[in-house]
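Here's the structure we're looking at; comments come further down.
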DNA sequence: TAAAAATAAGCAAAAAATTGCTTATTTTTT
DNA sequence: AAAAAATAAGCAATTTTTTGCTTATTTTTA
């Protein structure tokens, strides 16, 4: 018997009713849904527990989905983010995609489509964003050199880990780093090997 | 006396008049423009001579801008592509950005905006070398973590320098690093500020 | 042309990262 | 269940990086 860990989705929407309806649909299809009705709330949730995919409205009071996504990317540089919006303007979509969105859905959302998008991108967790070049775009302002270099280093290590199925010894060889250094970087960069592997390449449990 | 090599732009638009007007404006501003009124034609031009930036209409007869861009990417995987379109739908924009568009402009195009976009993304290419591009691909083997992180750091610093026109003080502020550190990194990473700004050795690197 | 400002680099102290050696803990194999 | 292998982390020595203070050189301004 194979037990698959549920996909954890952070669903952000200031419309209470729509939020509830979508959450319900996803839950009945085996998705673990964390809901948030504001960007502030969502950011808090993000630090509390591991999330596989973020799905957020673009337009929300106080803090827009774009601002929220930018903040979220600080701690999770490569998490798949799906935006949705009604009446989206071209510049909105462009900005969202530049921020590394993997998908942009138009309201009203078809629940089936949302589900399929989530399942599709869950496996890409920590992988490439739709437009990987933008994830480390040199022209994105606001972060220090150190921050950005560390984010890239984190990305490389995570990718390498995934590529080698969590086999640390191979990662060390591939990246040519010391095991001790690797361990230190893991904790310093906040990489959790088990959580990372839980997403993409799970072994069956009997 | 330093002569800056001109930026070469491949401008693709099936509307002959608009194409001519935009080309003229860019040329009067020092851009070398290659025009094409069809995707087929554009693909041919692309193989003939080095191009820095592609600017293409999304909707064209026969072959859409998306198909053209996909083909162009085969020979130039990282060339900056700017799309423009009137009446663009959200899915169009999403598709274009997923294909790696650096920008998406809405018709009618402001010539000034087009020019500034072109200049912006030409500079981006400028900072990259073949070696660095390998480093940015997480799945590319053969380089140590340190090598690849340093290459990325070099790319960031070069880009920032170009963006600020060589104004070191601004770079320090933007990257939040100490002047002394900056100097050391410059020599360690082998960045030559004057050569970078001279724009001397432009060559296709994709 | 002279003065002022910006940039580069030598030196040394302080801070941070790397690494080998060690033991503990977890996972896998037998 | 025991043994073996892999992983993680504490400690401390070594190396590297960062940075302030300094002077020299180059560039810009008046």
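Protein chains in written order, with the numbering used here: chain C, 672 to 877; chain U, 672 to 877.
Every residue, glycine too, gets a C-beta built ideally from N, C-alpha and C.
The structure presented is a predicted model; accordingly, all values stated were derived computationally and were not measured.
Inset, instruction - Closer than 8 Å by C-beta to residue 790 of chain U: which residues in its own chain qualify, once you throw out the five before and the five after it? Chain order, please. - result: Here residue 790 of chain U is taken as the residue at index 119 of the second chain, counted from 1. Taken in chain order, the residues that qualify are 678.
Inset, instruction - Grab me the residues of residue 687 of chain C's own chain with a C-beta within less than 8 Å of its C-beta, minus the 5 sequence neighbours each way, in chain order. - result: For the purposes of this step, residue 687 of chain C is taken as the residue at position 16 of the first chain. Excluding sequence neighbours, residue 687 of chain C sits near 708.
Legend entry - Cβ of residue 857 of chain C within 8 Å of any chain U Cβ: Counting from 1 along the first chain, the entry for residue 857 of chain C is found at position 186. Not one chain U Cβ lies under 8 Å of residue 857 of chain C.
Legend entry - Exposure of residue 781 of chain U, with buried meaning 16 or more beta-carbon neighbours within 10 Å: One-based indexing of the second chain puts residue 781 of chain U at position 110. Residue environment for residue 781 of chain U: exposed (fewer than 16 other C-beta atoms within 10 angstroms of its C-beta).
Legend entry - Where the alpha helix (DSSP H) through residue 773 of chain U begins and ends: Position 102 of the second chain, counted from the start, is the residue given in the question as residue 773 of chain U. From DSSP, residue 773 of chain U is part of no alpha helix (DSSP H); its letter is neither H nor E.
Inset, instruction - Select from the stretch 697 to 728 of chain U all residues with a C-beta closer than 8 Å to any C-beta belonging to chain C, and list them in chain order. - result: none
Inset, instruction - Mark residue 840 of chain C as exposed unless 16 or more other C-beta atoms lie within 10 angstroms of its C-beta, in which case mark it buried. - result: One-based indexing of the first chain puts residue 840 of chain C at position 169. Exposed, because fewer than 16 other Cβ atoms sit within 10 Å of the Cβ of residue 840 of chain C.
Inset, instruction - Report the partner residues of residue 727 of chain C according to the DSSP bridge assignment. - result: Position 56 of the first chain, counting from 1, holds the residue named residue 727 of chain C. Paired residues: C:683 and C:754.
Legend entry - Where residue 865 of chain U falls, given that 16 or more other Cβ within 10 Å makes a residue buried: Taking the first residue of the second chain as 1, we reach residue 865 of chain U at position 194. Exposed is the label assigned to residue 865 of chain U, since fewer than 16 other Cβ atoms lie within 10 Å of its Cβ.
Inset, instruction - Thinking residue 753 of chain U and residue 722 of chain U are a contact (beta carbons under 8 Å), I'd like their distance in whole angstroms, please. - result: Against the second chain, residue 753 of chain U aligns to sequence position 82. Against the second chain, residue 722 of chain U aligns to sequence position 51. Contact flag wrong, Cβ pair sits at about 12 Å.
Inset, instruction - Give the DSSP-derived three-state secondary structure of residue 705 of chain U in the structure shown. - result: By one-based count along the second chain, residue 705 of chain U stands at place 34. DSSP places residue 705 of chain U in strand when its eight states are reduced to three.
Inset, instruction - Please name the residues in the stretch 839 to 857 of chain U whose beta-carbon is closer than 8 Å to at least one beta-carbon of chain C, in chain order. - result: Within the stretch 839 to 857 of chain U, the residues whose Cβ lies closer than 8 Å to some Cβ of chain C are 845, 846, 847 and 848, listed in chain order.
Inset, instruction - Could you tell me the distance, in whole angstroms, from the CA atom of residue 701 of chain C to the CA atom of residue 762 of chain C? - result: As a first step, residue 701 of chain C is located in the first chain; it is residue number 30 there, counting from the start. As a first step, residue 762 of chain C is located in the first chain; it is residue number 91 there, counting from the start. Roughly 35 Å between the two C-alpha positions.
Legend entry - Residues that residue 759 of chain U contacts on chain C, provided the C-beta gap is smaller than 8 Å: Within the second chain, the letter at position 88 stands for residue 759 of chain U. Within 8 Å Cβ-Cβ: 761.
Legend entry - Endpoints, alpha helix (DSSP H) assigned at residue 828 of chain C: Counting from one through the first chain, the residue named residue 828 of chain C turns up at place 157. From DSSP, the alpha helix (DSSP H) with residue 828 of chain C extends over 816 to 834.
Legend entry - For residue 862 of chain U, three-class secondary structure by DSSP: Against the second chain, residue 862 of chain U aligns to sequence position 191. Three-state DSSP puts residue 862 of chain U in coil, outside helix and strand.
Legend entry - Selection from C:757, C:824, C:826 and C:769 that minimises the alpha carbon distance to residue 740 of chain C: On the first chain, residue 740 of chain C is found 69 positions in, with the first residue counted as 1. Closest by alpha carbon: C:769.
Inset, instruction - For residue 819 of chain U, count neighbouring Cβ atoms within 10 angstroms of its own Cβ and tell me buried if that reaches 16, exposed if not. - result: On the second chain, residue 819 of chain U is found 148 positions in, with the first residue counted as 1. When all chains shown are included, residue 819 of chain U counts as buried.
Inset, instruction - Kindly indicate if chain C contains any beta-carbon less than 8 Å away from that of residue 785 of chain U. - result: For the purposes of this step, residue 785 of chain U is taken as the residue at position 114 of the second chain. It does not: the Cβ of residue 785 of chain U has no partner Cβ on chain C nearer than 8 Å.
Inset, instruction - For chain U, find out if any of its Cβ atoms is closer than 8 Å to the Cβ of residue 775 of chain C; answer yes or no. - result: What you label residue 775 of chain C is simply residue 104 of the first chain in a count that begins at 1. Cβ-Cβ to chain U under 8 Å: yes for residue 775 of chain C.
Inset, instruction - For residue 815 of chain U, go through chain C and note every residue whose CB falls closer than 8 Å to its CB, in chain order. - result: Here the question's residue 815 of chain U lines up with position 144 in the second chain. Neighbours of residue 815 of chain U on chain C, chain order: 846, 847 and 848.
Inset, instruction - Check whether the Cβ of residue 824 of chain C lies closer than 8 Å to any Cβ atom in chain U. - result: For the purposes of this step, residue 824 of chain C is taken as residue 153 along the first chain, with counting starting at 1. For residue 824 of chain C, the answer is yes, since a Cβ of chain U falls inside 8 Å of its Cβ.
Legend entry - Contact set between residue 819 of chain C and chain U, taken where Cβ atoms lie within less than 9 Å: Locating residue 819 of chain C in the first chain gives position 148, where the first residue counts as 1. In chain order: 823, 824, 827 and 846.
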